[in-house]
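K.L.:
Handing you a structure now.
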Amino acid sequence: MLSQRNQHKKKDDSIQTQFESTPDDKHDGAEKKGRFWNFSRYSLRRRLLPTLAFLLLLALVLWNVFQFLGSAFSNLPSDGSSEENRKGACNGYNGIYHIEKGDIGGAAGTVFFQFVIGQIMWAEEYNFKPWVHLNNVSHVVYDPLVHGNSPGVNVTMMKGQKVSYIQRPKGHRRDYKPGPPIGDAKDLKPHQYHFDGDGVWNNYFEPVSDFAPGDKSCENKPLVTMDLYLVTPGVHGFSGAPKAWRYEYLPDYITKPHIPLNDWLAPQRHTAHDVLKRYIRFLPHIQEAAERVNPYCSIKNSCLGLHIRHSDKAAGRRVIETNEFFPYVQEFLAAGGKWIYLATDSHQVVEHIKTKWPQNVLKRIRSMGDDIVRSNNLEAVFDIGSHHRTNEEILIEILALSKCQFMIHGLSAVTESSIWINIDLHYTSVNLEDPQHPNQKEFGDLVGKVLNGGNASQILSQKATKEWWTLRPKAVGVPTNVKSCDSVDGVLHISHVGPHAGTGTAFFTSVLNQLIFAEKFNLKPWIHLSNDLSYIYDEEFHGTEVSTFQHVTNTFTLESPAGSNLKYPGSPKKNSVQTMKGIEVRGNGIWTSYFIPASDFDQDDELCKRKPILSMDNPTVNKLNSLSPLSSKAWQYDDIPNELWNPSGSNLSTWLEPMRRKANEMVKKYFVFHPFLVERAYQVNPVDSTSTPCLAVHLRNSDKGGMHRTKFPPNKFRDYMLAFARAGGEHIYIASDTFRSLEYITEHFPPILKNMIRTQGDFVVRSAWKWPAHMLEKHHRVNSEALVDALAMSECQLLLHGNSAISEAAIYMNLDLHRQSVNYEDPNRMGIQEFEVLAKQVIGSAVPKPNPESVGKKKIDAGGKVRIIEGNSNRKCKRNAIVYLAQKKHSSYGRDSFALLLKSMKLVNDNYLSLNNHKENADVIIFHTADFTKDDMDIIEKSVGASIRDSLYFIDLENTPYWRRPKWHINDDPKSWYAYPKFSEGYRKMIHFFAIDIWSFFQEYGKESGCEYEYIMRFDEDSYLHSPIQYDIFDFMKRNDFNYGFRLCAYELGSTQRMVKVWQKSKQPAPLRAINFDMCGIYNNFFVAKLSFFQSAPVESFLKLVNRQGLIYRRRLGDLQIHSLTVYGFSPQEKIHRFLDFTYEHGTYEDGCVVWGGIQAGHDDANANATLTKYWHETVSKNNCTKMTAYVISRDNLSPGYQHLPEKLNGQVNLLTIMTGFIEKDGKGVLSG
């Protein structure tokens, strides 16, 4: 054994390269120490041969001495502690886990890294100390001449425990993983184990732990190991255990084909890196050899590793041609890289490089030289040389590759092991077998950025695919006009959907049918689904926080209908005995992660607590779905008796029609999707009013079950799809739960169809076998993708499908699909010719498609080509406008502004526009800067209400004078501006727009368009109108000849002192009243302004003066202050009005708490106390926001000069207020206005 080690040590000392060159780099001197090919061999032999002979003899003697000593002390722990100190290794552990094998055919990278790390992870999970002593099962790493040349070891420990199997529910032959150890303590018995050989491991690595045979602390502890089937494939299924690629025999829930390869590998690589750092340490001779062949690597002396595996590459992997690596090498060197380290198992690769690659590249190449085991064909290297030798050479290659800063490779345990050692390579390596790998240009850009100090992980994170489903929608409350439970007989708590309901069934069957039930019996629906819904609940996303609906009385019970033999929920009945209880709910209730609340039910409403409440359990919901004549049904469920299913014998379409019509009515009323789902559906199937009708295809084939459902292959729809193409169709949207169906279409369908297909993309949760989607990925993602498919299909006008809740959901959302769909499981389905005729009719009757650039758009010069999109081009503009300046992401705060906008608009619509025909007296204008498109109108329409579209205009200010720095700021450095970048340039443009530009915009717009508005009412995207306004605000302002109306005071006029001094010294008219800097400033996130007032000559002249001072950009002088100075300076007091009648909220948030603003009750809001109580609970106390205070402000401190209160109040006004910052201060008296 010692002599064989000497042979390999001698080979290490003489490692050479076959690539001769003369370095021309500033690191040449250092490189010559490790690159023997830089010397003239002839000169070396003549001058140094005698010296080398002596040094070699000395090295051999010393090597034998050190090897002898190393063998004598090989069982000592790596820290060099004594035998006495080593005793006690098992203290605190449940026992010893013996790592005795990897897989049968694995080589050094697979066995030493992948399987050892995976088993160490198991040991850590169950508190066992790992000990590596490998036997000959992993025969590729076992060398009998070296590893078997030892008497072995004896270990006395307890026997009687073994590692358990955890079987997955679907019964796949590879569908298990190692579980906890099993075996009763009473069955444990002392046993003397004997293990042959030297255990392999200690020839290359230090021990992974301080355990050694003979440790007394371990004798009363069990020794356990895994059988071969638990090691492979079992270890692959252990949570987080690293894998080198997606092994074809593993189930989808492990290989996760719906995740890009690099993203799938990322957490495994990081876990392996963590374990490796703590347990695996190479012996010095391996480390020294790796440093010799690839020395002095650093960012300044950078290295690119090439691993080119050619010999025995199998298991579904591709042999990568050598020339595929060359463009990456060129980009590396062009970007400033220095060296290339070549690791390969093939002589043919070496010869190709030597003869085909240019000299300027060859001189940069390092390798282990020619004197290592390489193959000339497909024979594996470990079948050519001794296993001990190939182990050492592979480990040196792994370590040498890990020293590089970049790597190009294929699928291999060798390269994965290098990445686990140097985790930075995860971000800087290119796997040429990854379909999403960067091209050579992208790689060159990455190299350049990293070599110039860039962080690779940050660079790549900027390019990473956005996980759109992780966007958490803002909570959107439903406004209440009256007490939420005032007119109902009780409350239906929708908490269950059936034990095995997936996304479609849960939402579009079970929830929908309970909503129908609630309407039938006059119950207020409250959807808060239970956390025990194992197919749709996601702990990470839906949460676990517990809340209790306290003091509920008069609980309902259900009665079955009289005279029926079937037991299903009938009319609710109040309990005769009065009871009180609390209903405990957990998390967010699932529903609100995808939809806005289905009703205005309020847990804190005392009236709701006094109403009887009903909730159905899973069995009751199943009976409701299957047996109740009220319910909509997607197909004949197994528990629906034949005599109940279509008893009249009509065709399936006729039988389903009334159920679908009722479902459509309920979906339109209760199912309002969050914008992130609507936006995603449009991204994957971009359909609008100008599009040619599309065909949707739903292929459900993974876990489809039931007596009355069958799976069918995608070719059953091929001829229907061709008929659609012949009819003039252009786009086919396919939704499928299995990627096998999509693969079949890609491989077998004609090009004309393949070119028409749209899907959610490659990386969607789909199965290859019978695993349902919820077994493959986190449930929130599965829910989101399923709902997007339903939405996307509903946008089409034709549908091919089978029996499925998802395709029914699409029909419920678009009732045209009831007549314009083909259900392949319907025996009376439409034939192909009939479908083609239908498709021609549908496509032919669609509105002719005009130029999309001109649809609903017009341009108004208005000094700068403002682009306008109209919701209804046939609607005449009104005399007044509600205006927003909106964006999708806030330029200063980074928040999801679109979700806030939708909430604000819905409240305005529900509490103002939809009441008393107010929408006929106002347009709704959203100003923006290239942020909104016509497709966003669809989102707003679905989220806010269908009636909003007629009133809606998008006006794009980008690249116009209304959204541009004034010329005197052109050369400003924003870094010199006050409070920059906290308040961005975009934020200052917003101030300038509302203070200066908006008045001139409407003046020019009126001249060019004929839309001469009288009043505008501003809301911000985070301005919330919480109570109904029955009167017409614009008529009210006009009738009283008011110039300006506002809602709240902000005491911030102190910052106007500089501007007031300029004003006083100017030739501008003096203000009508003295400006007291302690007085109320107008908190103008809500205001109503008379345009002619702001466009008058005196005001226009004053605003020019303000603008020219540069204080808006340079000092962040706000539009609040400018409005206040303008209104106080130029409007008579009697023409200023303060609104106090409606409840209004506006606040700026930081870290979950309001830091400026809040909410104030309105005197005409009957529900104000409940609204503010809820606000306090959810916004203040729940988040521990200590800066907010609640107080009541009386009339004298609420701008008494501008109140104009109705007589019915008798001058008495006291408004509950919750505020922070300098907003709505009490005790201000006349200073409040």
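The numbering of the sequence shown is the UniProt record's numbering, which starts it at 1 and goes up by one. A virtual CB, placed ideally from N, CA and C, is assigned to each residue, including glycine. No experiment lies behind these values; they were computed from the predicted model shown.
Name the two residues that bound the continuous alpha helix (DSSP H) containing M721.
P.N.:
R718 to R726
K.L.:
What does a CB cutoff of less than 6 Å around F1042 pick up in its chain, not counting 5 residues either side in sequence?
P.N.:
The answer, listed in chain order, is K1135 and H1137.
K.L.:
Smallest Cα separation from I308: which of R318, S302 and N301?
P.N.:
Residue R318 is the option with its Cα nearest to I308.
K.L.:
Tell me which residues share the same chain as N94 and place their Cβ nearer than 8 Å to its Cβ, disregarding the 5 neighbours each side in the sequence.
P.N.:
Y126, N127, F128, P181, K221 and P222
K.L.:
So, do the segment 415 to 433 and the segment 392 to 402 have three or more beta carbon pairs nearer to each other than 8 Å?
P.N.:
yes
K.L.:
In terms of residues, what are the limits of the beta strand (DSSP E) holding H409?
P.N.:
Its beta strand (DSSP E) spans residues F406 to H409.
K.L.:
Would you call the CB atoms of Y341 and Q440 closer than 8 Å?
P.N.:
no
K.L.:
Write down the C-beta distance between H528 and F595 rounded to the nearest angstrom, noting that I regard them as a contact closer than 8 Å.
P.N.:
About 12 Å separates the CB atoms of H528 and F595; that is not less than 8 Å, and the two are not in contact.
K.L.:
Does any residue of chain C bring its CB to less than 8 Å from the CB of A241?
P.N.:
The structure shown contains no chain C; it is built from a single protein chain.
K.L.:
What separation, rounded to the nearest whole angstrom, lies between the Cα atoms of T1102 and E920?
P.N.:
Per the sequence presented here, residue 1102 reads as Phe, with Thr not at that position. Cα to Cα, the separation comes out at about 34 Å.
K.L.:
Report buried or exposed for K611, applying the criterion of at least 16 other Cβ atoms within 10 angstroms of its Cβ.
P.N.:
buried
K.L.:
When you compare only the Cα positions, how much space is there between G1147 and W1156?
P.N.:
6 Å
K.L.:
Run through DSSP, which three-state label would H731 get?
P.N.:
Collapsing the DSSP output to three states places H731 in coil.
K.L.:
From this set, W357, Q348, C303 and N391, which residue's C-alpha is nearest R366's C-alpha?
P.N.:
C303
K.L.:
Roughly how many angstroms separate the alpha carbons of M721 and V822, rounded to a whole number?
P.N.:
M721 and V822 have their C-alpha atoms roughly 11 Å apart.
K.L.:
Consult DSSP for S767 and reduce its assignment to one of helix, strand or coil.
P.N.:
strand
K.L.:
Determine, using beta-carbon pairs with one atom in the segment 683 to 701 and one in the segment 731 to 746, whether at least three such pairs fall under 8 Å.
P.N.:
yes
K.L.:
Kindly give me the distance between the Cβ atoms of H388 and D143, rounded to whole angstroms, as I take these residues to be in contact under 8 Å.
P.N.:
That belief holds up - the Cβ atoms of H388 and D143 are roughly 4 Å apart, short of 8 Å.
K.L.:
So what does N823 bridge to, in DSSP terms?
P.N.:
H801
K.L.:
Going by DSSP in three states, D434 sits in which element: helix, strand or coil?
P.N.:
coil
K.L.:
Inspect the beta-carbon positions of L492 and L614 and report whether they are closer than 8 Å.
P.N.:
Cβ atoms of L492 and L614: closer than 8 Å.
K.L.:
Distance check for D274 and V116, CA to CA, integer angstroms please.
P.N.:
13 Å
K.L.:
Please say whether H270 and I423 have beta carbons closer to each other than 8 Å?
P.N.:
yes
K.L.:
Is it right to say V476 is buried, meaning 16 or more other beta carbons lie within 10 angstroms of its own, or is it exposed?
P.N.:
Confidence at V476 is low in this model, with a pLDDT of 47, below 50, so the placement of that residue is unreliable and no value is reported for it.
K.L.:
Does G197 come out as helix, strand or coil in the three-state DSSP assignment?
P.N.:
coil
K.L.:
Could you have a look at M1017 and say whether DSSP puts it in helix, strand or coil?
P.N.:
strand
K.L.:
In whole angstroms, give me the CA-to-CA distance for residue 1239 and K1090.
P.N.:
Residue 1239 is absent from the model: the chain starts at 1 and stops at 1233.
K.L.:
Entirely within the segment 204 to 284 and at least 3 residues each: give me those beta strand (DSSP E) ranges in chain order.
P.N.:
none
K.L.:
Got a sec, what are the start and stop residues for the alpha helix (DSSP H) D1119 sits in?
P.N.:
D1119 to F1130
K.L.:
Measure the C-alpha to C-alpha separation of S402 and K87 and round it to an integer number of angstroms.
P.N.:
35 Å
K.L.:
Can you tell me where the alpha helix (DSSP H) with C608 in it begins and where it stops?
P.N.:
E606 to K609
K.L.:
Just how far apart, CA to CA, sit F1086 and A810?
P.N.:
F1086 and A810: Cα-Cα distance of roughly 39 Å.
K.L.:
At the level of alpha carbons, what is the spacing between R1116 and R988?
P.N.:
One Cα belongs to R1116, the other to R988, and the distance between them is close to 7 Å.
K.L.:
Roughly how far, in whole angstroms, is the beta-carbon of W977 from the beta-carbon of Y1113, given that I think they are within contact range, below 8 Å?
P.N.:
6 Å
K.L.:
Please report the straight-line C-alpha distance between H928 and L885, rounded to a whole angstrom.
P.N.:
6 Å
K.L.:
Under a Cβ-count criterion, where at least 16 other Cβ atoms within 10 Å of its own Cβ denotes burial, should R364 be classed as buried or exposed?
P.N.:
buried
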